[in-house]
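Here the structure is laid out as structure tokens; the discussion comes afterwards.
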Amino acid sequence: MSEGVVPITMREYSTDRIDLRSDTVTQPTAAMREAISSAPVGDDVLGDDPTVKALEALAANMLGKEAALYVSSGTMANAVAVRTHTNPGDEIVLEKDSHIYTYEGGGYAALSGCSVARVSGPSGIISAADVGAAIRKTEGSQGHYPNATLVCLENTSNRGGGSCYPVEIIDEICEVAKSRGCAVHMDGARLFNASVASGISAARLVENCDTVSICLSKGLGAPVGSVLVGSSDFINQAHRWRKMFGGGMRQAGIIAAAGIFSLENNVERLADDHARARRFGEAVNAMDGYSVDLSAVQTNMVYVTLTAGQDANQAVQGLAEQGVDLFDISPTSLRAVFHLHVTDEDVDAAINAFAQIS
Ligand SMILES: Cc1ncc(COP(=O)(O)O)c(C=O)c1O
């Protein structure tokens, strides 16, 4: 943490809502806005922006890779990674409910021309054996199979409930992938949550992955931005795809400054979000009408299953009337996400709201 900066868990903006819809809803704090306002900038498309360069160097260093590329979103980081790793007609192996498959508009097909092989695993954590079994190669198939060239992992797993990969499983998957001629991309939108929860450095978690994307605008609290990291050679190639996808940004240091601030100040405090998520999950699980798989509550997310036949959408409306906003994830489940602006008092209020509508 930078000297003299006090971590803040509070809402600095005025609202009477408790917003548990996502950790993407955070707003820049006063200290982050100060970092933004004093950032030196330049034209990053021309390679002139010192703040973007500093963010890229910081992210590469924190993740133990040679180089990095600043992009506008997690979706763009994944799209650029997939496009750089693959050729049209290739296949990607990924978890069946992964963000890349479920929530990125089918970009893998439209932008990269890839098919997908989906693998299941408990709480979104897939095994090396299942990844190995899902890898199909054209060679030896008389041309029947596509060519799998990329395995994508997601840590933490969003639809898995914020669950974390044991580092040994990541290593095993990387080994299997490499032995079958596949690269490994880690969608690490919430990699720092996994690192804080496991006590293992982010760099160690992704040591054997070829590339990693991290999001600065989720639990880390920046308003915009993600970083894709990998080897210098990979990032050079990725640069071209970012350009083609319209992702070259000019005086982007204005927003990159928030990213630097978030990496320097908001990583360790993720533990507070995890503690609040657990307290909330345990309290709701103890109430009639709800069940929470507490073993999956490993970071800042809580998936609540409605067990008394309530409709999830109606539950969301009932909670909204109590001032608590969250999303229904299926007709019988809701998701609550804890972040920078959720206080201990908010957790109490959210627990009360669940009690009111049960
Ligand atoms: C696991 C994961 N990957 C990627 C993304 C995409 O990030 P963005 O919303 O910045 O495009 C998200 C967003 O929620 C996510 O949860």
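Numbering (my numbering) for the sequence shown: 20 to 377. All C-beta atoms, glycine included, are put in the ideal place defined by N, C-alpha and C. All figures in this text were calculated on a predicted structure; none of them were measured in a lab.
Residue j beta carbon less than 8 Å from that of residue i
i: ASP149; j: GLY143; result: no
i: LEU169; j: HIS204; result: yes
i: TRP260; j: VAL64; result: no
i: ALA96; j: SER214; result: no
i: ALA221; j: LEU82; result: yes
i: LEU338; j: SER281; result: no
i: ALA315; j: GLY179; result: yes
i: VAL311; j: ILE370; result: no
i: LEU113; j: ARG137; result: yes
i: VAL343; j: ALA305; result: no
i: VAL243; j: GLY207; result: no
i: THR45; j: HIS293; result: no
i: ALA276; j: ALA58; result: yes
i: ALA202; j: HIS104; result: yes
i: ASP347; j: ALA327; result: no
i: MET268; j: SER91; result: yes
i: THR43; j: LYS237; result: yes
Cβ-based neighbour list, residue i, same chain, cut-off 7 Å, excluding 5 preceding and 5 following
i: PRO165; result: GLY108, ASP109, GLU110, SER134, ARG155, THR157
i: CYS183; result: ASN174, THR175, ALA213, ALA216, SER217, GLN317, THR318
i: GLU301; result: LEU313
i: VAL25; result: Low confidence applies here, because VAL25 scores a pLDDT of 44, under 50, leaving its location unreliable; read the following figure in that light. Within the same chain, VAL25 has no close Cβ partners at all.
i: GLY93; result: ALA208, SER232, CYS234, SER245
i: ASP365; result: ILE37
Near ligand 1: residue i beta-carbon under 7 Å from a heavy atom
i: ASN212; result: no
i: LEU94; result: Rather than Leu, the amino acid found at residue 94 in this sequence is Thr. Yes.
i: ASN319; result: no
i: ALA208; result: yes
i: THR70; result: no
i: CYS228; result: no
i: CYS171; result: no
i: HIS118; result: yes
i: THR157; result: no
i: CYS201; result: no
i: THR103; result: no
i: THR43; result: yes
i: ASN97; result: yes
i: CYS133; result: no
i: CYS183; result: no
i: SER245; result: yes
Residue closest to residue i, alpha-carbon to alpha-carbon, out of the options
i: LEU289; options: PHE211, VAL366, ASP35; result: PHE211
i: ASP291; options: ALA327, ALA331, GLY179, LEU239; result: LEU239
i: VAL248; options: GLY266, GLU226, GLY265; result: GLU226
i: GLY340; options: ILE37, GLY132, ASN106; result: Here residue 340 turns out to be Glu, not Gly, going by the sequence shown. That would be ILE37, whose Cα lies nearest to the Cα of GLU340.
i: SER146; options: LEU130, ALA50, VAL186; result: VAL186
i: ILE189; options: ALA294, ALA167, ASP229, SER91; result: ASP229
i: ILE376; options: SER349, TYR309, PRO350; result: TYR309
i: GLU31; options: VAL101, ALA79, THR362, ARG298; result: THR362
i: VAL101; options: LEU224, GLU123, ASP116; result: GLU123
Beta-carbon proximity list for residue i, same chain, < 6 Å, skipping 5 on both sides
i: ILE254; result: ALA86, LEU88
i: SER41; result: VAL356
i: VAL286; result: PHE211
i: ILE27; result: Any reading at ILE27 must be qualified, since the residue scores a pLDDT of 45, below 50, and its modelled position is unreliable; no value is offered.
i: VAL335; result: ASP347
Contacting residues, own chain, Cβ-Cβ under 8 Å from residue i (five flanking each side not counted)
i: GLN270; result: VAL60, GLY61, ASP62, ASP63, ASP68
i: GLY23; result: Any reading at GLY23 is ruled out, since the residue's pLDDT is 42, under 50, leaving its predicted position unreliable.
Stretch pair the region 354-365 + the region 319-339: three plus CB contacts closer than 8 Å: yes
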